[in-house]
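Everything below concerns the one structure shown next.
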């Protein structure tokens, strides 16, 4: 499955990645190579095969809806590139 | 004593022949001498290690005699460690000091171990050579022009070069077993769900498992005893009693049924590796094992299915890195979208971006059935192959990697790198436990043998590996390529 540059740019946008003009060609080639590898699996008929999401087919364990963690807001916000008054700062979204 | 096994150091500590402070200092000296050359550690925790060693010695004086008390270890830098830099080998987390400990880390603290530092790795565990790390290549201690394998290359190198007694790794498609094979050490990937993933930075959540990298199968059993077991913080961890993995190490192998998959001895396997594994199988026959050929019909599809499942899950997991709450943020973003895009483009390396894009594509509108769902169906076929084989045999044995370590910089295209993991990936897709142990040397580099077991049959794999190590000494081979180090304790 060969991709064109426009498709690669669209995927990059969906993934919130910036790809410069000079990189696009190489990225397109590499991704096309990988998709060719992946397409080997299309050669097998899997009609009626149950997809496997977890090797032991277990179900998600649920817990009681209780607060078990302590509030660490200040501590965790110290890790942020920018925060103020308990809020995370990002570039202006609305004018 | 730094080249001893954990079991030996543990005995020496218990006998009072050595203190934890002494052995810790010896490893720190060795790291100071060799890490510049090997680049196995991203962070060395000298001061806290010596404090933990002192605390371990004090606890021992008060009667604590737990097996790993005072043993110096290293954690792969994918495990969150409280108040210690946790980078995952990425610029994205180059400044991230974790506010909490991973469950695995917490369990080793409870066991009284000493943390020497955090080991280098492929960025976000995506790689098979340790060349994708933001912190530089790790070198193979047997020959520093060669790769150590990946992604847990720093841990494998650290154990092989005696920079620590034992180390943790993680394995999504072979990331414990392949570097263990390339560096001549023992690596163990447990059954999916056996070890908690909480606090282990996620790559592909349905495949990732943590495990030990050690100098012997016995040491791997000692580490698994501490690492395994239910963790309520990880909803995929399995509620199942944890046995003492050392208990059955000495069981004789008479009557053991070993399956040999013909697909793992096909085209592409080097002559030296094939011969070494065949010799090992002959050794097992001498010990009373029965060898049977098994058929893993769909194993050739494992790499292609893996490169859908793993990137798809990675693209979702890595969407959290947005420059808002922690880690890297680009300079002077003009707006929110610019911030996201430049933060992620500058913070992630080429391989990580490539996999995010593959995963994003596979999950994008209209492609889900053709890619992710198709890959999950292939996973079922691969698991069914193993289930059928395990009706007839107790373990499956083959090579870990088709050849010995390759030269740094020699594999530049991603697809040839992906094919490196051709024998290991199916095990992750099926969620089975498997080990790699040293099985021989070729051209001055170690070779590895993979032992795959049934679900939760870790003890059997360890038994089979330990018995081999009782009758051979490949696991005791040491590199003489390194400069003669200081600290023999």
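Residue numbers (the working numbering), protein chains in the order written: chain A, 719 to 813; chain B, 551 to 1039. Where is the CB? At the ideal position from N, CA and C, for every residue including glycine.
- Bridge partners of residue 802/A according to DSSP: 805/A.
- A direct Cα-Cα distance of roughly 6 angstroms separates residue 760/B from residue 719/B.
- In this structure, residue 839/B and residue 806/B form a Cβ contact; the two beta carbons are roughly 4 angstroms apart against a cut-off of 8 angstroms.
- Under the three-state reduction of DSSP, residue 871/B is assigned to coil, being neither helix nor strand.
- Distance check between residue 624/B and each of 633/B, 820/B, 591/B places 591/B closest, using alpha-carbon atoms only.
- Looking at the DSSP output, residue 999/B shares a beta bridge with 949/B, 987/B.
- Taking every protein chain shown into account, the CB of residue 597/B has fewer than 16 other CB atoms within 10 angstroms, so this residue is exposed.
- Here residue 557/B is buried. Its C-beta has 16 or more other C-beta atoms within 10 Å.
- Annotation: residue 689/B to residue 703/B spans about 8 angstroms, alpha carbon to alpha carbon.
- Of 981/B, 905/B, 1022/B, 929/B, the smallest CA-CA separation from residue 751/A is found for 905/B.
- When the beta-carbon positions are compared, residue 992/B and residue 694/B stay at least 8 angstroms from each other.
- A direct Cα-to-Cα measurement between residue 1013/B and residue 944/B gives close to 12 angstroms.
- Taken in chain order, the members of the stretch 734-753 of chain A whose beta-carbon sits within less than 7 angstroms of a beta-carbon on chain B are 734, 735, 736, 748, 749, 751, 752.
- Counting the other Cβ atoms within 10 Å of the Cβ of residue 974/B gives 16 or more, which makes it buried.
- Looking from the CA of residue 721/B, the closest CA among 739/B, 709/B, 732/B belongs to 739/B.
- Beta-bridge pairing by DSSP links residue 792/A to no other residue.
- For residue 752/B, no chain A residue has a C-beta closer than 8 angstroms to its own C-beta; the minimum C-beta separation is roughly 15 angstroms.
- From the beta-carbon of residue 925/B, the residues of chain A found nearer than 7 angstroms are 759.
- Going by DSSP, residue 807/B is part of the beta strand (DSSP E) stretching over 807-811.
- Cα atoms of residue 586/B and residue 766/B: separation of roughly 26 angstroms, rounded to the nearest angstrom.
- The three-state secondary structure of residue 936/B, taken from DSSP, is helix.
- Apart from sequence neighbours up to five positions away, the residues of its chain that approach residue 807/A with a beta-carbon distance below 7 angstroms are 800, 801, ordered along the chain.
- The stretch 814-845 of chain B contains, as complete alpha helix (DSSP H) runs of 4+ residues, the segments 821-836 (chain order).
- Contact note: residue 885/B reaches chain A through 809, using a C-beta cutoff of 7 angstroms and chain order.
- Judged by DSSP secondary structure, residue 738/B falls within the beta strand (DSSP E) whose first and last residues are 736-739.
- Think of a sphere of 9 angstroms around the beta carbon of residue 743/B: the chain A residues whose beta carbon falls inside it are 772, 773, 774, 776, in chain order.
- Counting the other Cβ atoms within 10 Å of the Cβ of residue 699/B gives 16 or more, which makes it buried.
- Ranked by Cα distance from residue 772/A, the options 1027/B, 927/B, 736/B, 960/B are led by 927/B.
- In this structure, residue 632/B sits away from residue 705/B, with a CB-CB distance that is not shorter than 8 angstroms.
- When rounded, the separation of the alpha-carbon atoms in residue 655/B and residue 780/A is 24 angstroms.
- The three-state reading of DSSP puts residue 810/A in coil, since its state is none of H, G, I, E or B.
- Cα atoms of residue 786/B and residue 743/A: separation of roughly 40 angstroms, rounded to the nearest angstrom.
- Taking 8 angstroms as the cut-off, the Cβ atoms of residue 980/B and residue 932/B count as close.
- Residue 958/B and residue 816/B have their C-alpha atoms some 26 angstroms from each other.
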